[in-house]
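One structure is given here, and the rest of the page talks about it.
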Amino acid sequence: MTLKVGDKLPDATFKTMTSDGPGEISTADLTSGKTVVLFGVPGAFTPTCHMNHLPGFVEHADTLKSKGIDAIAVVSVNDVFVMDAWQKASNANAITFLADTGAEFVEAAGLGLGPAPIFGHLRSQRFALIAKDGEVSFIAVEDSPGDATKTGAAAILEAL
């Protein structure tokens, strides 16, 4: 079942790069007592993700935070090293990059995509949500993974 407004985010553990190397962060660690924007992408460095979806959140990170967002995070079914390289290549220091390596979160959230021949295994649908203390207050999922209209930073700003 796909996440909807009012649902609690599923418990999951993500890989993330820390100053000491690969680390872990849970859904609870990410969202407890905070208002968080979490957006999901099919793959790091893929055209729509890299040239459209992520740049909007990088550009509008300060505006989102001025409107009450405590943290912005992107999740993809990639490994932590790819996500770290993508963060560095995109100069996206205001965004937390989460590797859902085994698709634990996207499967539990009902947001899996595929497996698709181009990716080779299950990936994330393109989505964006706002969670307040772990509860979904807004969620949008694109009809096509090549589109980032309903899930981009502008749509999140409108939802706030």
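The opening position of the sequence shown corresponds to residue 15 in this note's numbering, with each subsequent residue numbered one higher. The beta-carbon is built from N, C-alpha and C at its ideal position, and this holds for glycine as well.
Reduced DSSP secondary structure (H/G/I, E/B, other) of L17: In the structure shown, L17 sits in coil (DSSP, three-state: anything other than H, G, I, E or B).
I170, enclosing alpha helix (DSSP H) - first and last residue: Taken as a continuous stretch (DSSP letters only), the alpha helix (DSSP H) holding I170 covers A167 to A173.
According to DSSP, residues forming a beta bridge with V155: Paired residue(s): F141.
Distance CB(A142)-CB(F28) smaller than 8 Å: No, the pair does not count as a contact, with Cβ atoms beyond the cut-off.
Proximity below 8 Å, CB of D114 to CB of S46: S46 sits away from D114, with the two beta carbons spaced by 8 Å or more.
Per DSSP, cross-strand counterpart(s) of S40: T27.
Burial state of V19, where buried means 16 or more other Cβ atoms lie within 10 Å: So V19 ends up on the exposed side.
G82 and L174 closer than 8 Å at C-beta: Taking 8 Å as the cut-off, the Cβ atoms of G82 and L174 count as close.
Residues that DSSP places opposite A85 in a beta bridge: A85 pairs with V50.
Beta-carbon spacing of L125, V155 below 8 Å: Against a cut-off of 8 Å, the Cβ pair of V155 and L125 comes out as a contact.
Reduced DSSP secondary structure (H/G/I, E/B, other) of A113: Secondary structure at A113: strand, using DSSP grouped into helix, strand and coil.
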